[in-house]
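**Student:**
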Amino acid sequence: MADKNKRDWFTTGDSDDEEQGYDSEVAEKSKGRSFAGRSAKRRKVDSDQSDVENDYSNDDATASFQTAKESPNDSKSTKSDGKDVDIAKEGSREEDVLNVKPNLSMKDRAKIKKKLAKAQAKASKTGVIYISRVPPFMKPHTLKHLLQPFAPSGLDRVFLTPEDPEAHRSRVKSGGNKKKLFLDGWVEFISKREAKLAVETLNGKNIGGKKGSYYYDDVWNLKYLKGFKWRHLTEQIANENAEREARLRAETIRERKEAREFLRNVEKAKMLDGMEKKRKAKSGGEKQDLEQQATERGKSKDVMHFKQSEIVTKKKSKDEAPPTDAQRVLSKIF
Numbered sequence: 001m002a003d004k005n006k007r008d009w010f011t012t013g014d015s016d017d018e019e020q021g022y023d024s025e026v027a028e029k030s031k032g033r034s035f036a037g038r039s040a041k042r043r044k045v046d047s048d049q050s051d052v053e054n055d056y057s058n059d060d061a062t063a064s065f066q067t068a069k070e071s072p073n074d075s076k077s078t079k080s081d082g083k084d085v086d087i088a089k090e091g092s093r094e095e096d097v098l099n100v101k102p103n104l105s106m107k108d109r110a111k112i113k114k115k116l117a118k119a120q121a122k123a124s125k126t127g128v129i130y131i132s133r134v135p136p137f138m139k140p141h142t143l144k145h146l147l148q149p150f151a152p153s154g155l156d157r158v159f160l161t162p163e164d165p166e167a168h169r170s171r172v173k174s175g176g177n178k179k180k181l182f183l184d185g186w187v188e189f190i191s192k193r194e195a196k197l198a199v200e201t202l203n204g205k206n207i208g209g210k211k212g213s214y215y216y217d218d219v220w221n222l223k224y225l226k227g228f229k230w231r232h233l234t235e236q237i238a239n240e241n242a243e244r245e246a247r248l249r250a251e252t253i254r255e256r257k258e259a260r261e262f263l264r265n266v267e268k269a270k271m272l273d274g275m276e277k278k279r280k281a282k283s284g285g286e287k288q289d290l291e292q293q294a295t296e297r298g299k300s301k302d303v304m305h306f307k308q309s310e311i312v313t314k315k316k317s318k319d320e321a322p323p324t325d326a327q328r329v330l331s332k333i334f
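Anchor point for the sequence shown: position 10 equals 10 in the UniProt record's numbering, and the numbering is continuous, going up by one each time.
As structure tokens, this is what we get:
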């Protein structure tokens, strides 16, 4: 029963958008929202199932996605204190956190500073590894399950880059596998030392497991990112998204400008065509009047004919006979 519930938990995390990839932090937040809306009656009815789910949530395979743990004394804090936990997260500066709520009391500010210091201390101990090639059609929870034995302190967050949606559609259209395919990814270890040891142990080695399993012969491609933290990845993703949106805005502005210019040229061409038609119609009527007047004047006058004179050449052909006048003069002499 517990295994079935675990599989149900894992499958809910795989329904993320293909273009955004798999983000374990987002998946955890969505699970928290879904369970927060349960009524008290539902909790009593499904007490056995919730116990199993709570046991699984404490398992190392799921890892903790929170950046700071609350102490037992903070369980009786107010609603505003709960929001302060979300504010004091990894990579946040003290000035930015306190500027979110400038009207906080000194006591609340001290709590935020304390939680922020804990989160930064925890983040400084984490390590991130890069997976240059995720085995074909491997799911995120399977990846965490395979890496969990090499992380005794636990795994934190996972982000996998999905394949291009066009490539997925073309593969499915041609009769290929319909499963999600992830290209590369990042995994955060709670312990920096364990991340380095896992990379040294697994890089270039077979995944192994049970002989004949789907990923038995696949090879790990891992690299430890020295000095790289999870906030660097989120900043990089945010920058890429902002850059893509800026390109889209620029492309949209350029296309709108071209469309306006095209419409302006079309209207101008219509106007010039109308002007040309009017000019031709007007000039055509005047031309017909001039031709009619010319024909009428030609009828009233006599037409003159010119006769072309023959060309006289100095040399005459031998066959040509002498003129009659010359023959008459020669006959009188002789």
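No residue lacks a Cβ here, since even glycine has one placed at the ideal position from N, Cα and C.
Could you work out which residue in L146, E276, R231, A242 is closest to D218 when comparing CA atoms only?
**Tutor:** Taking the first residue of the sequence shown as 1, we reach residue 218 at position 218. That would be L146, whose Cα lies nearest to the Cα of D218.
**Student:** Quick test of your reading: F182 and T126, contact by CB under 8 Å. State the CB separation rounded to the nearest angstrom.
**Tutor:** If you number the sequence shown from 1, residue 182 lands on position 182. If you number the sequence shown from 1, residue 126 lands on position 126. With 8 Å as the limit, F182 and T126 do not qualify as a contact, their Cβ atoms being about 22 Å apart.
**Student:** So the candidates are A198, G176, W220; which of them puts its Cα closest to the Cα of K205?
**Tutor:** Your numbering for residue 205 matches position 205 in the sequence shown. Ranking A198, G176, W220 by Cα distance to K205 puts W220 first.
**Student:** Should the stretch 114 to 130 be called in touch with the stretch 170 to 178, which here means at least 3 C-beta pairs below 8 Å?
**Tutor:** The answer is no - the stretch 170 to 178 does not touch the stretch 114 to 130, with fewer than three Cβ pairs under 8 Å.
**Student:** So I129 and A27 are in contact, right, with Cβ under 8 Å, and what is the actual spacing, rounded?
**Tutor:** On the sequence shown, position 129 is the one that residue 129 refers to. On the sequence shown, position 27 is the one that residue 27 refers to. Actually they do not touch by this definition, with Cβ atoms about 19 Å apart.
**Student:** Here's the rule I'm using: 16 or more other beta-carbon atoms within 10 Å means buried, otherwise exposed. How should L330 be labelled?
**Tutor:** Indexing the sequence shown from 1 puts residue 330 at position 330. Exposed.
**Student:** Going by DSSP in three states, D273 sits in which element: helix, strand or coil?
**Tutor:** Here the question's residue 273 lines up with position 273 in the sequence shown. If DSSP states are grouped into helix, strand and coil, D273 belongs with the helices.
**Student:** Alpha carbon to alpha carbon, how far is V266 from K277?
**Tutor:** The sequence position of residue 266 within the sequence shown is 266, counting from 1. The sequence position of residue 277 within the sequence shown is 277, counting from 1. Roughly 16 Å between the two C-alpha positions.
**Student:** In three-state terms, what does DSSP make of F306?
**Tutor:** By one-based count along the sequence shown, residue 306 stands at place 306. F306 falls in the coil class under three-state DSSP.
**Student:** Hey, F159 and G185 are a contact pair by Cβ (cut 8 Å); roughly how many whole angstroms apart?
**Tutor:** Taking the sequence shown and counting its residues from 1, one reaches residue 159 at position 159. Taking the sequence shown and counting its residues from 1, one reaches residue 185 at position 185. Going by Cβ atoms, the distance from F159 to G185 rounds to 6 Å, so yes, they are a contact pair.
**Student:** What are the partner residues of L155, as DSSP defines its beta bridges?
**Tutor:** Here residue 155 refers to the residue found at position 155 of the sequence shown. Answer is F189.
**Student:** N177: which of R264, M138, K307, F228 sits nearest, CA to CA?
**Tutor:** To locate residue 177, count along the sequence shown from 1; it is residue 177. Among R264, M138, K307, F228, the Cα nearest to that of N177 belongs to M138.
**Student:** I'd like to know if K178 contacts chain D, where contact means its C-beta is closer than 7 Å to some C-beta of that chain.
**Tutor:** In the displayed structure, chain D is absent; only one protein chain is listed.
**Student:** Hey, could you find the ends of the alpha helix (DSSP H) V329 is sitting in?
**Tutor:** Counted from its first residue, the sequence shown places residue 329 at position 329. Per DSSP, V329 belongs to the alpha helix (DSSP H) from 324 to 333.
**Student:** Can you check which of these residues, L222, A123, Q308, K107, is closest to I131 by C-alpha distance?
**Tutor:** In the sequence shown, residue 131 corresponds to position 131, counting from 1. Looking at the Cα atoms, L222 is the closest of the given residues.
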